[in-house]
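Encoded as structure tokens, the structure appears first; notes follow it.
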Amino acid sequence: MRKKVLVLGSNFGGLTAALAVKQELHGDVEVTVMSPGERFVFNPSLIWLPFGTRDAEDVTFPVEPTFAQHGIGFENTAAVEIDADGKRVRAASGAWHGYDYLIVATGFRTDPASIDGFADNAVTITSLRDAENAGRAWRRYLDAPGDVVVAAAQGAGCFGAAYEFLFNTAYRLRKAGLDKDVKLTYVSSEPFLGHFGIGGLPHGEQLLGSFLKRQNITAHVGVAIDHVASDALVLADGTEIPSTYSMVVLPFLGQQVALAAAALDPDAKGYLPVRPTYQSTKFDNVYVVGIAAAVAAPWQTAVPIGIPKTGYPTEVQAHTAAKNIAAQIRGEMPDHTKEFGDIHAVCVMDAGNNGVIMLADKMLPPRKRGVLIPGPQAHVAKLAFERYFLWKARHGYVRLP
3 MRKKVLVLGS NFGGLTAALA VKQELHGDVE VTVMSPGERF VFNPSLIWLP FGTRDAEDVT
63 FPVEPTFAQH GIGFENTAAV EIDADGKRVR AASGAWHGYD YLIVATGFRT DPASIDGFAD
123 NAVTITSLRD AENAGRAWRR YLDAPGDVVV AAAQGAGCFG AAYEFLFNTA YRLRKAGLDK
183 DVKLTYVSSE PFLGHFGIGG LPHGEQLLGS FLKRQNITAH VGVAIDHVAS DALVLADGTE
243 IPSTYSMVVL PFLGQQVALA AAALDPDAKG YLPVRPTYQS TKFDNVYVVG IAAAVAAPWQ
303 TAVPIGIPKT GYPTEVQAHT AAKNIAAQIR GEMPDHTKEF GDIHAVCVMD AGNNGVIMLA
363 DKMLPPRKRG VLIPGPQAHV AKLAFERYFL WKARHGYVRL P
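Start counting the sequence shown at 3; every next residue gets the next number (this note's numbering).
As structure tokens, then:
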């Protein structure tokens, strides 16, 4: 009888893991994906949705045809309970699904309650629904423009999206002829510009500082947000920054199903601890990849910050998990490892018609090599990568780089 692999989640981690384990075993395994989302979302492009240069159809595709093409089952429902001892997962419908191996790739939920006044007075962009809402708010803003604040709140880790949205906002303000009349401010919990939640890269602080100076953007770093009012973003020290449009990247939390899985030892945010193999620290047949996996920061900062668990490291984790599950099914030791901090850092930061390509030998310090390459080629590279990745993922070519 073929072994059963159940994958929770269908975005970067879930889609990659499901296809990879199927391919590692040349189809000789039963793989089912359970996810409340029926479409893959290319999150890196969500920075463009609010400005109308992308819509949902441009950056998503339905996952069921992709899975079906590769002999993978798909259950379009949320997982609500993981019974790791019983090797089963309960779906929102109440049905239980058994497994021999489980891959938890459930992603994140934002924490709007962490910032008072956010729900009424600010927007965010880290999910498709949020980015569409930010777009509706942006169109209203253009009817009555004023000052703009782009912020990454205390506990946030997705700093790249904040920077990209900041510089795309500056670009859009220039295009609209509003840049001379609107004050644009960047607020971040990072200890310094260009930290990015990964400890920074060589000359990053100076490079980001020059980007801000050229575009007349004021920055407040190493600060916490107290609340967002209808006409201002207020810092913890009482500083009021006037704002008609406030976009705040919020802290992430693990999904409720992971937080409730006591047997898997979730942390306070609902992230699940893993070994370098991406096996759960508690169960050899349970794997956790992507944002759902707990990552310890190698530093402490005065204002809490998170670590960005982006698409590329998530893919690496998913492939590592798939190789190990395949090894276990073949009766071998699951000895493929890749610590999160040792994964290469590869990122393209878009800035409207400019940008920065960021490369490093490791996600987290200490590093031996790291480089930032600014210029308009970064913008072109991100456009090209968007098309390439969506093509690759839609067709299930997860073995391609």
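Every residue, glycine too, gets a C-beta built ideally from N, C-alpha and C.
1) How many angstroms separate the CA atom of Gly398 from the CA atom of Arg92?
2) For the candidate residues Thr312, Gln258, Val358, Phe53, whose alpha-carbon lies nearest to that of Ala139?
3) Are the beta-carbon atoms of Ala383 and Leu361 separated by less than 8 Å?
4) Mind checking which residues open and close the alpha helix (DSSP H) that includes Trp301?
5) Thinking C-alpha only, which one of Gly372, Pro310, Thr339 is nearest His205?
6) With three or more C-beta pairs closer than 8 Å as the rule, is the region 124-131 touching the region 94-101?
7) Using 8 Å for Cβ pairs, my map puts Ala260 next to Ala294. What's the rounded Cβ distance?
8) What residue ranges within the region 119-165 form continuous alpha helix (DSSP H) runs of no fewer than 4 residues, ordered along the chain?
9) Alpha carbon to alpha carbon, what distance is there between Pro147 and Val297?
10) Assess contact between the region 24-39 and the region 69-89, defined as three or more Cβ pairs (one per stretch) separated by less than 8 Å. Is contact present?
11) Taking 6 Å as the limit between beta carbons, can you name the residues of its chain near Ser190, skipping five residues before and five after?
12) Using 8 Å as the Cβ pair cut-off and three pairs as the minimum, do the region 326-342 and the region 227-238 touch?
13) Do Ala320 and Ile309 have their C-beta atoms within less than 8 Å of each other?
14) Between the alpha carbons of Gly258 and Gly240, how many angstroms are there, rounded?
15) Just checking my contact of Asn170 with Ile49 at CB under 8 Å: how many whole Å lie between their CB atoms?
16) Tell me, please, which residues DSSP counts as bridged to Trp98.
17) Is the beta carbon of Gly196 less than 8 Å from the beta carbon of Glu207?
18) First and last residue of the alpha helix (DSSP H) that includes Asp85?
19) List the endpoints of the continuous alpha helix (DSSP H) containing Arg396.
20) What's the call for Ala121, buried or exposed, on a 16-neighbour Cβ count within 10 Å?
21) In the DSSP assignment, find the beta strand (DSSP E) that holds His222 and state where it starts and stops.
22) With distance defined between alpha-carbon atoms, name the residue in Thr246, Gly100, Lys284, Gly211 nearest to Arg141.
23) Give me the Cα-Cα distance between Gln156 and Ala124, rounded to the nearest whole angstrom.
24) Counting C-beta neighbours from all protein chains within 10 Å, is the total for Lys370 16 or more, i.e. buried, or is it exposed?
25) Could you spell out where the beta strand (DSSP E) holding Ile243 opens and where it closes?
26) If you drop the 5 nearest sequence neighbours on each side, which residues of the same chain put their C-beta closer than 6 Å to that of Arg90?
27) Roughly how many whole angstroms lie between the Cα atoms of Leu186 and Gly11?
28) Using only CA atoms, which one of Phe42, Ser37, Arg4, Gly39 lies nearest to His28?
29) Taking the beta strand (DSSP E) that Gly256 belongs to, which residues open and close that run?
30) In the structure shown, what three-state DSSP assignment does Lys370 receive?
31) Under a three-way DSSP split, which group does Val291 fall into?
32) Taking all protein chains shown into account, do 16 or more other C-beta atoms lie within 10 angstroms of the C-beta of Tyr273, making it buried, or fewer, making it exposed?
33) Residues in its own chain within less than 8 Å of Gly408 by CB, not counting five upstream and five downstream?
34) Could you please give me the residues that DSSP links to Gln281 through a beta bridge?
35) Should Tyr390 be labelled buried (16 or more other beta-carbon atoms within 10 Å of its own) or exposed?
36) Flag this pair as yes or no: are the beta carbons of Phe110 and Gly256 separated by less than 8 Å?
The short version:
1) 27 Å
2) Phe53
3) It is not a contact, given that the beta carbons lie outside the stated cut-off.
4) No alpha helix (DSSP H) contains Trp301, which DSSP labels as neither H nor E.
5) Gly372
6) no
7) 6 Å
8) Runs found: 120-123, 130-145.
9) 40 Å
10) yes
11) Ala154, Val223
12) no
13) no
14) One point to set straight first is that residue 258 is Gln, not Gly, in the sequence displayed. The alpha-carbon atoms of Gln258 and Gly240 are separated by roughly 34 Å.
15) 6 Å
16) Arg92
17) At the C-beta level, Gly196 and Glu207 come within 8 Å of one another.
18) Not the alpha helix (DSSP H): Asp85 falls in the beta strand (DSSP E), residues 81-85.
19) Arg396 -> alpha helix (DSSP H) spans 378-397.
20) exposed
21) 219-223
22) Nearest C-alpha to Arg141: Thr246.
23) 15 Å
24) exposed
25) 242-244
26) Contacts found: Trp98, Gly100.
27) 37 Å
28) In this structure, Arg4 is the residue among Phe42, Ser37, Arg4, Gly39 with its C-alpha nearest to the C-alpha of His28.
29) 254-256
30) coil
31) coil
32) Buried.
33) This structure does not reach residue 408, given that the chain is present from 3 up to 403, and the question cannot be answered.
34) Tyr289
35) exposed
36) yes
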